[in-house]
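First the structure, in the form of structure tokens, and then the observations on it.
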Amino acid sequence: MPAPLSPDIRNRFQVLHREGLSAREIGRRLLISAATAVRFADRLRRTGDLAPAVNSRRQGHGRLVPYEGFFAELVEQDPDITLKELQAALLEAHGVQASRSGIDVVLRRLDLTYKKRASSRMSGANPM
172 MPAPLSPDIR NRFQVLHREG LSAREIGRRL LISAATAVRF ADRLRRTGDL APAVNSRRQG
232 HGRLVPYEGF FAELVEQDPD ITLKELQAAL LEAHGVQASR SGIDVVLRRL DLTYKKRASS
292 RMSGANPM
């Protein structure tokens, strides 16, 4: 998701809007898209404010947070465990279905590694 426009642009938009310029003209002057300018003008009419919206999603409160200890314990017991195996273990132990990418996010947040070590023996046929 892109970052919100700077407070400076928002303030300048408000000043120009109060001076009576159209939304599209303000957009051209401030080098912002016409769609954004129209949205800003509409928002000014409705609320009188152009502050960026607050991200309502709280960090660290996802569906898998209660299972962080479970994942940490499994990775500690078997450092070579795969995401697919972690996914299956979570489903079997707790009846919770989660995506591998969701589990990956939890492991990264816990700073846990689940990849095989470089010193591991190679699998498959003999190397050439």
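Sequential numbering from 172 applies to the sequence shown in our numbering. Each residue gets a CB set at the ideal place from its N, CA and C atoms; glycine is no exception.
Mind checking residue i: buried by the 16 CB within 10 Å criterion, or exposed?
i, result
"V225", "exposed"
"V236", "exposed"
"G191", "exposed"
"G266", "exposed"
"G219", "exposed"
"A259", "exposed"
"A206", "exposed"
Measure the Cβ-Cβ separation of residue i and residue j and say whether it is below 8 Å.
i, j, result
"L245", "L257", "yes"
"E239", "L187", "no"
"R279", "K255", "no"
"I203", "L176", "yes"
"A174", "R195", "no"
"A264", "F242", "no"
"Q185", "L215", "yes"
"R217", "L201", "no"
Can you name the start and end residues of the alpha helix (DSSP H) that residue i belongs to?
i, result
"T207", "A205 to T218"
"R181", "P178 to R189"
"V277", "R271 to R280"
"V267", "Segment: none, V267 is in no alpha helix (DSSP H) and carries neither H nor E."
"P225", "The question names Pro, yet the displayed sequence has Val at residue 225. Segment: none, V225 is in no alpha helix (DSSP H) and carries neither H nor E."
"A194", "A194 to L201"
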